[in-house]
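These protein sequence lines are chains A and B, in that order.
Taking numbering that gives the first Met the number 0, the leading residue of the first sequence gets 0, the next gets one more, and so forth.
Taking numbering that gives the first Met the number 0, the leading residue of the second sequence gets 0, the next gets one more, and so forth.
All residues carry an ideal CB built from backbone N, CA and C; glycine is no exception.
Protein chains: 2
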Amino acid sequence: MRETGTARDGSSDGGPVIRRVLITGAEGTIGTALREYLGDRYALSALTKESQPFPSHVADISDLDAILPAFDGVEAVVHLAASPAVETPWPSILQNNLIGTYNVFEAAHRAGVERVVFASSNHVIGMYEFDGVPDIYALDDPRTYDHTVEIRPDSLYGVSKAYGEALGRYYVERHGMKVFCLRIGSVRGNDDPLDPEMLASSPALLDLATEEERRVRMRATWQSRRDIAQLVGRCLDVPEVTWAVVYGISDNPRQFWDISHARDLLGYEPQDGAPE
Amino acid sequence: MRETGTARDGSSDGGPVIRRVLITGAEGTIGTALREYLGDRYALSALTKESQPFPSHVADISDLDAILPAFDGVEAVVHLAASPAVETPWPSILQNNLIGTYNVFEAAHRAGVERVVFASSNHVIGMYEFDGVPDIYALDDPRTYDHTVEIRPDSLYGVSKAYGEALGRYYVERHGMKVFCLRIGSVRGNDDPLDPEMLASSPALLDLATEEERRVRMRATWQSRRDIAQLVGRCLDVPEVTWAVVYGISDNPRQFWDISHARDLLGYEPQDGAPE
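What follows is the structure, encoded as structure tokens:
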């Protein structure tokens, strides 16, 4: 495995120790935010299923041989490529999330990549929210869920993300990789925590009857584009951590996913927060 | 979903409430033990990949349509079919353990099966043992690991079993199924806790240099054939439990996997124990 030099805080002068970073699914909502906010700090490359208006290795992550060249000389991988919808049916979950995530970890391992940031999801523990709606969104509701709670997947999508975390743990344990699993809330392309288009219909799985219920949910689960970029950057820069499961939301007035572990372990300091 | 009647303890007179039980992988070491010890108590049926000297639905669990008929009229499934070796390479893990286990849960769900007993594995948390050898096998070593410890898979096989547990949890949460995950130690066809053939070589992954080290490991991880049968029977009979993760070993002199949860939750009372 490549030497990474002495532990050096990424925020010190001289820039980060890790520089060459491959982003899978770089064309998506989060990938676009990372390219915008982290492009100056790292030498980013991209892996996407289809050709893009920016330079990208074009290959399907369900084909291990096809994606291997994209990992050459890379120091870290941010693995975003997946079927992102919570209602995704089994055939796509299998191809894109189970097979695809194995291929990305295995390709990273074979190329000697030091660390992988894996886009997990709050849906790994989605049933806590499912059982709590709509009261769980109230500003004075005391419930919070941290990285130690028992998993309760709400969907095959959530199962696939729990599997990705288990797979990441295996690569940490047996192959000396550093793996960071981000259970991300809701990042939006227009960065609007109260996006009118999303307010118009109930989110997947949840039965939120009124616009007000949907508004308070969006307030609690939002992560701004620059905050997810900061969180990913922290994972790329942090020197000593080999394994992390953290939640990704902004400093919202109501938070039922606990970001104190992200703050303590990684130095995450969200700059944004949804309005009350 | 089928009504199961009032909660009735399986050990009371009149026999178990659940009677029609399908065993996948019924020809294997554990399947053979279950057929021997539980055949009088339940109406067992079998699903196997190849034809057997006993009646069996012959189909590959990686083919959902092919296995569906085996689930007709079944009340419970004991899912043992899998690639069982800890060193199993990815292609077989994918087919038999990831796809196969989804197909079994999904077929059970579609057929209205009430409960699934899933053969998970201690390899879901195998790294605790891996880090502890050989001292962890000593009679006076205090380390024990229960169902609440963080998962630490030691292999792709271990990852596949962690995935199976997550999938089981999803079917509990969203489809009202009852699921019992058994992290089984070592069941042997000849029921010998100190099988000379196994003493002759080091177990997979672990670097146990001496026969004495291998002897103390086998003493700690053994589960007798009638004890695994009893544990599975408890899962089939227990009335109120909807979700369980428990370890499966006999009442051995050294136990680093904690079976108190199996005792408390399911009434497991091992009848055997390895010799000191």
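Between residue i and residue j, which are expected to be in contact by the criterion C-beta below 8 Å, what is the C-beta distance as a whole number of angstroms?
| i | j | result |
| --- | --- | --- |
| B/Y136 | B/R216 | 5 Å |
| A/G24 | A/T47 | 7 Å |
| B/G184 | B/W256 | 7 Å |
| A/L63 | A/N102 | 4 Å |
| A/I98 | B/L93 | 7 Å |
| B/Q254 | B/A219 | 7 Å |
Give the single residue among the options whose Cα lies nearest to the Cα of residue i.
| i | options | result |
| --- | --- | --- |
| A/Y246 | A/E275, A/G125, A/F53, A/S55 | A/G125 |
| B/W221 | B/A69, B/Q270, B/G175 | B/Q270 |
| B/P15 | B/P152, B/G232, B/T241, B/D64 | B/G232 |
| B/P252 | B/P152, B/L155, B/L138 | B/L138 |
| B/G262 | B/G131, B/Q229, B/H108, B/P133 | This sequence places Arg at residue 262 of chain B; Gly is not what is there. For B/R262, the nearest C-alpha among the options comes from B/Q229. |
| A/Y144 | A/V186, A/Y127, A/L21 | A/Y127 |
| B/D226 | B/L207, B/I248, B/D206 | B/I248 |
| B/A81 | B/A65, B/L67, B/D59 | B/D59 |
| B/E275 | B/S259, B/I258, B/D250 | B/D250 |
| B/S159 | B/C180, B/V132, B/R142 | B/C180 |
| A/D206 | A/I258, A/R114, A/S119, A/D134 | A/D134 |
| A/R114 | A/H174, A/A42, A/R218 | A/H174 |
| B/N121 | B/E268, B/E149, B/S91, B/G188 | B/E149 |
| A/M176 | A/D140, A/E239, A/R142, A/G131 | A/E239 |
| B/T100 | A/W89, A/Y170, A/T241 | A/W89 |
| B/S61 | B/F104, B/R142, B/A273, B/Y267 | B/F104 |
| B/T241 | B/E268, B/M197, B/V178 | B/V178 |
Is the beta carbon of residue i less than 8 Å from the beta carbon of residue j?
| i | j | result |
| --- | --- | --- |
| B/V77 | B/V112 | no |
| A/V237 | A/L204 | no |
| B/A243 | A/A165 | no |
| B/F70 | B/A106 | yes |
| A/G157 | A/V123 | yes |
| B/R182 | B/Y36 | no |
| B/A45 | B/P54 | yes |
| A/R109 | A/L67 | yes |
| B/E172 | A/D153 | yes |
| A/L155 | A/I17 | no |
| B/S119 | B/G163 | yes |
| B/H146 | B/H260 | yes |
What is the residue span of the beta strand (DSSP E) that residue i lies within?
| i | result |
| --- | --- |
| B/T23 | 19-23 |
| A/K177 | 177-183 |
| B/H108 | Element bounds for B/H108: not the beta strand (DSSP E) but the alpha helix (DSSP H), 99-109. |
| A/G247 | 242-247 |
| B/A277 | Residue 277 of chain B lies beyond the range of chain B shown here (0 to 275); nothing can be said about it. |
| B/A45 | 42-47 |
Give the range of the alpha helix (DSSP H) segment to which residue i is assigned.
| i | result |
| --- | --- |
| A/S159 | 155-174 |
| A/V215 | 210-220 |
| A/L235 | 224-236 |
| A/A32 | 28-37 |
| B/F117 | That residue, B/F117, is in no alpha helix (DSSP H); its beta strand (DSSP E) goes 114-120. |
| A/A75 | First-last for A/A75: 75-78, but that is the beta strand (DSSP E), not the alpha helix (DSSP H). |
| A/P195 | 195-198 |
| A/D64 | 63-66 |
| A/Y267 | Counting along the chain, A/Y267 falls outside any alpha helix (DSSP H), and DSSP gives it neither H nor E. |
| B/E128 | 125-131 |
Please find out if some non-hydrogen atom of the ligand ADP comes closer than 7 Å to the beta-carbon of residue i.
| i | result |
| --- | --- |
| A/Q222 | What this structure holds is no ligand at all, so the ligand ADP is not there to describe. |
Task: the stretch 62-80 of chain A in contact with the stretch 26-41 of chain A per 3-pair CB rule at 8 Å - done: yes
Task: Contact the stretch 191-198 of chain B vs the stretch 206-214 of chain A: 3+ CB pairs below 8 Å - done: no
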